[in-house]
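Residue 3 is where the sequence shown starts when you use this note's numbering, and the numbers rise one by one after that. Every residue, glycine too, gets a C-beta built ideally from N, C-alpha and C.
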Amino acid sequence: MLKWKAGVGKDCEAAGTIGEGIQMKLRNTGRMALGCMMAGIFLWGCQAEEKVTERGPDGSYTTFLTVDVYAESANYQGIQSGWFAKVVKDRFNMELNIIAPNVAGGGQTLYQTRTAAGNLGDLIFINTSNGRLADLVEAGVILDCTELMEGKDILENYGDAIRVTNEMVPQEGMWAFPNSVSKLSPLEPSEGVDLTFGPYIRWDYYKMLGYPEIPDLDGFLDVLEQMQQKAREVEGDSDIYAISLFKDWDGSLMNNAKQLACMYGYDEIGFVMAKADDSDMQNAIDEDSIYIRALRFLYEANRRGLVDPDSTTQNYDSWAAKYVEGKILYCPWPWVGQNLYNTAERKAEGKGFMMAPLQDMTIFSFGNCPEGNTTQVAAIGSKARDPQRMADFIDWLYSPEGVELNGQANGAGGIRGLTWDVNEEGKPCLTEYGLQALPMNPVLVPQEYGGGTWSDGVSALNFKTVNLMDPDPATGEPYYYLCWDTTLASNSTALDLDWKEKMGAETTVEYLKKSGQMLVAPGSSYSTPKEEPDITTIRGQCNSVVADSSWRMIFSGSDQEFEEILREMQETAIGLGYEQVLEVDFKNARDQAAARRQVVRSYEAKQNGEETDEIQQQGS
Numbered sequence: 003m004l005k006w007k008a009g010v011g012k013d014c015e016a017a018g019t020i021g022e023g024i025q026m027k028l029r030n031t032g033r034m035a036l037g038c039m040m041a042g043i044f045l046w047g048c049q050a051e052e053k054v055t056e057r058g059p060d061g062s063y064t065t066f067l068t069v070d071v072y073a074e075s076a077n078y079q080g081i082q083s084g085w086f087a088k089v090v091k092d093r094f095n096m097e098l099n100i101i102a103p104n105v106a107g108g109g110q111t112l113y114q115t116r117t118a119a120g121n122l123g124d125l126i127f128i129n130t131s132n133g134r135l136a137d138l139v140e141a142g143v144i145l146d147c148t149e150l151m152e153g154k155d156i157l158e159n160y161g162d163a164i165r166v167t168n169e170m171v172p173q174e175g176m177w178a179f180p181n182s183v184s185k186l187s188p189l190e191p192s193e194g195v196d197l198t199f200g201p202y203i204r205w206d207y208y209k210m211l212g213y214p215e216i217p218d219l220d221g222f223l224d225v226l227e228q229m230q231q232k233a234r235e236v237e238g239d240s241d242i243y244a245i246s247l248f249k250d251w252d253g254s255l256m257n258n259a260k261q262l263a264c265m266y267g268y269d270e271i272g273f274v275m276a277k278a279d280d281s282d283m284q285n286a287i288d289e290d291s292i293y294i295r296a297l298r299f300l301y302e303a304n305r306r307g308l309v310d311p312d313s314t315t316q317n318y319d320s321w322a323a324k325y326v327e328g329k330i331l332y333c334p335w336p337w338v339g340q341n342l343y344n345t346a347e348r349k350a351e352g353k354g355f356m357m358a359p360l361q362d363m364t365i366f367s368f369g370n371c372p373e374g375n376t377t378q379v380a381a382i383g384s385k386a387r388d389p390q391r392m393a394d395f396i397d398w399l400y401s402p403e404g405v406e407l408n409g410q411a412n413g414a415g416g417i418r419g420l421t422w423d424v425n426e427e428g429k430p431c432l433t434e435y436g437l438q439a440l441p442m443n444p445v446l447v448p449q450e451y452g453g454g455t456w457s458d459g460v461s462a463l464n465f466k467t468v469n470l471m472d473p474d475p476a477t478g479e480p481y482y483y484l485c486w487d488t489t490l491a492s493n494s495t496a497l498d499l500d501w502k503e504k505m506g507a508e509t510t511v512e513y514l515k516k517s518g519q520m521l522v523a524p525g526s527s528y529s530t531p532k533e534e535p536d537i538t539t540i541r542g543q544c545n546s547v548v549a550d551s552s553w554r555m556i557f558s559g560s561d562q563e564f565e566e567i568l569r570e571m572q573e574t575a576i577g578l579g580y581e582q583v584l585e586v587d588f589k590n591a592r593d594q595a596a597a598r599r600q601v602v603r604s605y606e607a608k609q610n611g612e613e614t615d616e617i618q619q620q621g622s
């Protein structure tokens, strides 16, 4: 068993700190207003001194507790409802009040206000970039869990990954727990059926065109234009668009544009576009970068009338609703298009989103993370009213049952006995109910399981504790139900059969492996370190310039105007100090590449039964 040294300030009043696969779901439930939430921050802070630790003779929690959960990647705000809420209530006698800056807006302001009050929440699921985890510990907002986690399964199963995570903090202690921990090779994709990124399009309209080959992005535009014409003709609607966009997730770059770069093996780290195999690193705003190439693609798409005119004003929810209605023909993520449009009924009719390859693409894939993904972590607030209950809950989230239930948001099976079970051959399989409810359909849930609809009851945490491609000890197969033998064997709808016959593969991942059109970035625990305050200030200014200019370029009226905005963006950013930020980002990109190489060496050494300490101390 790993030994953990006690950190400074073990008492929960004094210890701690302040604290980004993505479940994106459409909710019709009301959002809590940011103003109301901020008005209650200080009142909540006063109440947080009360500790609620009473336990019954059987170890049950005797006092009901409403738990404030600061969940940075959550896409729902308010009290968790439905079947997952019932599981939490039955096991822990508590309810989860989700505080989601992703929904409320003004996320940085909300974070700063709550941390200044010394109370981010009872439970914290937060991004660690820019050295934030160490800052949180130093500020005393999160709790050292060394004693709280003593003897728990989470340490037995994932102790090495937890140790690596907490090495980001100078103070000794157990402050945080990583996401997406895996026991699989970092050189293998963590995605099971579809990659996180890719050209997912309405396959039924693509079929109507005769499955035309798509040589490159220019050819992709031609195909999308033909698909839009065909869809409007078939449906008799003029409000169907090939492409739709939204601004909610913009950061250093325009997020929707960056997704196209991922189709060519790149992902961003600040203002650097880094290739998965470490073969290329680009300044994102160079005129010949993959990012600017993506902007040119979207500009040309808009010039052809292929971009939804609501793109500049709609949010994620209104954008996602259009997929449910069948109004958009291309999606950069399978967990939106497939999840929201591909119902059983539509798939039986041959309708739905599937991957159609571009001949020159090599899609970025996230490798498994044996040391966990420390870019986002779970932690306990230093003013949590029942710290031990919070620790018990986190331990449960990393248990097989916790992964099955909380992980349903990302593709796990859900409730055994309701959505899935084990057949006579001992294989996991979906029930008739599960076939209707999964992945996130508004199917009514029996009252004994919490009532409401399945989709509204899915966990709102949007935090994946364990990689879903890892085997579930209960079945020996992945947690990810789409990769079960029974699921793959049952993919026999008109849509599935047509795609498999045309592509010669059972899944997107299988096809991309065969065709050599996938680049796996080894899964490492790297998180960007704390940067100087002046760099952070300049970065914020440059973020606004680059993102805003990107949108203007897409909707510019001519090639000349596009180039003028590009030059203006470059000159303005450089004038603000962009090159200083870029220098930091290139260093971070190199360090990230080194961390990826190291995790591969460590994993291979461990598999060979070698001592890993020396290897872990090696540089790049």
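Residue burial classification, Phe66 (beta-carbon count within 10 angstroms, cutoff 16): By the neighbour-count rule (16 or more Cβ atoms within 10 Å), Phe66 is not buried but exposed.
Euclidean distance between Cα positions of Glu612 and Ser604: One alpha carbon belongs to Glu612, the other to Ser604, and they sit about 9 Å apart.
Residue from Arg93, Ala76, Ile164, Val511 with nearest C-alpha to Pro336: Looking at the Cα atoms, Val511 is the closest of the given residues.
Cut-off 8 Å between Cβ atoms - residues of its own chain near Glu450, not counting five sequence neighbours on either side: In the same chain as Glu450, and ignoring 5 residues on each side of it, no C-beta atom comes closer than 8 Å to its own.
Residue closest to Gly267, alpha-carbon to alpha-carbon, out of Gly253, Asp282, Glu169: It is Asp282 whose Cα lies nearest to the Cα of Gly267.
CB of Ala411 within 8 Å of CB of Val460, strictly: Cβ atoms of Ala411 and Val460: closer than 8 Å.
DSSP-derived helix/strand/coil call for Leu67: For Leu67, the three-state secondary structure derived from DSSP is strand.
Cβ contact check for the segment 501-509 and the segment 560-579: 3 or more pairs under 8 Å: At 8 Å Cβ cutoff, the stretches do not touch.
Contact set for Leu139: own chain, Cβ-Cβ below 6 Å, skip 5 residues either direction: Per the sequence presented here, residue 139 reads as Val, with Leu not at that position. The residues are Thr19, Val171, Gln173, Trp177.
Whole-angstrom distance between Glu581 and Ile365, CA atom to CA atom: Between the C-alpha atoms of Ile365 and Glu581 there is a straight-line separation of about 29 Å.
Leu685 versus Asp312, Ala118, Gln261, residue with shortest Cα-Cα distance: Nothing in the structure corresponds to residue 685, since the chain is present only between 3 and 622.
Bridge partners - Gln378, DSSP secondary structure assignment: Asn129.
Close-in-space but distant-in-sequence residues of the same chain around Trp553 (CB under 8 Å, 5 per side omitted): Annotation for Trp553: Lys249, Met256, Thr314 place their beta carbon closer than 8 Å to its own, counting only its chain and skipping 5 residues before and after.
Classification of Ser254 by the beta-carbon crowding that lies within 10 angstroms, buried from 16 upward: Buried is the call here.
Proximity of Tyr528 and Ala597 at Cβ, strictly below 8 Å: A contact, by the Cβ cut-off of 8 Å.
7 Å Cβ shell around Glu533 - same chain, five flanking residues per side excluded: Excluding sequence neighbours, Glu533 sits near Asn132, Val586.
Nearest-angstrom Cα separation, counted from Leu186 out to Gly374: In this model, Gly374 and Leu186 are separated by some 11 Å (Cα to Cα).
Nearest candidate by alpha-carbon position, reference Val183, set Glu427, Ala507, Ile576, Cys371: Closest in C-alpha terms to Val183, from the list Glu427, Ala507, Ile576, Cys371, comes Cys371.
Contact check, Ile81 vs Asp397, beta carbons under 8 Å: Result no, Cβ atoms of Ile81 and Asp397 do not sit closer than 8 Å.
Exposure label - Glu479; buried when at least 16 CB within 10 Å: By the C-beta density criterion, Glu479 is buried, having at least 16 other C-beta atoms within 10 angstroms.
Span of the beta strand (DSSP E), counted from its first residue to its last, around Ala276: Looking at the DSSP string, the run of the beta strand (DSSP E) that includes Ala276 is 274-277.
Buried or exposed by the 16-neighbour rule on C-beta atoms within 10 Å, applied to Asn99: Label assigned to Asn99: buried.
Residue-level contact to chain C via CB, Ser240, 8 Å cutoff: Chain labels in this structure do not include chain C; a single protein chain is all it has.
Of the listed residues Arg592, Gln543, Ala87, nearest to Ile576 (C-alpha basis): Checking every option, the nearest Cα to that of Ile576 belongs to Gln543.
Delimiting residues of the beta strand (DSSP E) encompassing Met356: That run of the beta strand (DSSP E) goes 355-357.
Under 8 Å between C-beta atoms of Tyr325 and Gly339: Cβ atoms of Tyr325 and Gly339: closer than 8 Å.
Beta-carbon proximity of Gly409 to Tyr481, cut-off 8 Å: For Gly409 and Tyr481, yes; Cβs fall inside 8 Å.
Three CB pairs or more closer than 8 Å across the segment 350-357 and the segment 141-149: Touching, no, given that fewer than three Cβ pairs across the two stretches are closer than 8 Å.
Nearest-angstrom Cα separation, counted from Leu420 out to Gly436: Spanning the two alpha carbons is a distance of roughly 7 Å.
Residue nearest to Phe199 in terms of C-alpha spacing, selected from Asp269, Gln609, Val143, Leu226: Asp269 is the residue among Asp269, Gln609, Val143, Leu226 whose C-alpha sits nearest the C-alpha of Phe199.
Delimiting residues of the alpha helix (DSSP H) encompassing Asn545: That run of the alpha helix (DSSP H) goes 535-556.
With 16 other Cβ atoms within 10 Å as the buried cut-off, status of Thr111: For Thr111, the number of other beta carbons within 10 angstroms of its own is below 16, and it is reported as exposed.
Helix, strand or coil at Asp394 [DSSP, three-state]: Helix, per DSSP.
Exposed unless 16 or more other CB atoms sit within 10 angstroms - verdict on Asp70: Result: buried.
Whole-angstrom distance between Tyr301 and Met40, CA atom to CA atom: For Met40, the pLDDT reaches just 39, beneath the cut-off of 50, and the residue's location in the model is therefore unreliable, although a value from the coordinates is still provided. So the two alpha carbons sit approximately 39 Å from each other.
Whole-Å CB distance - Ser291 paired with Met275, under 8 Å assumed: Contact holds; Cβ gap of about 6 Å.
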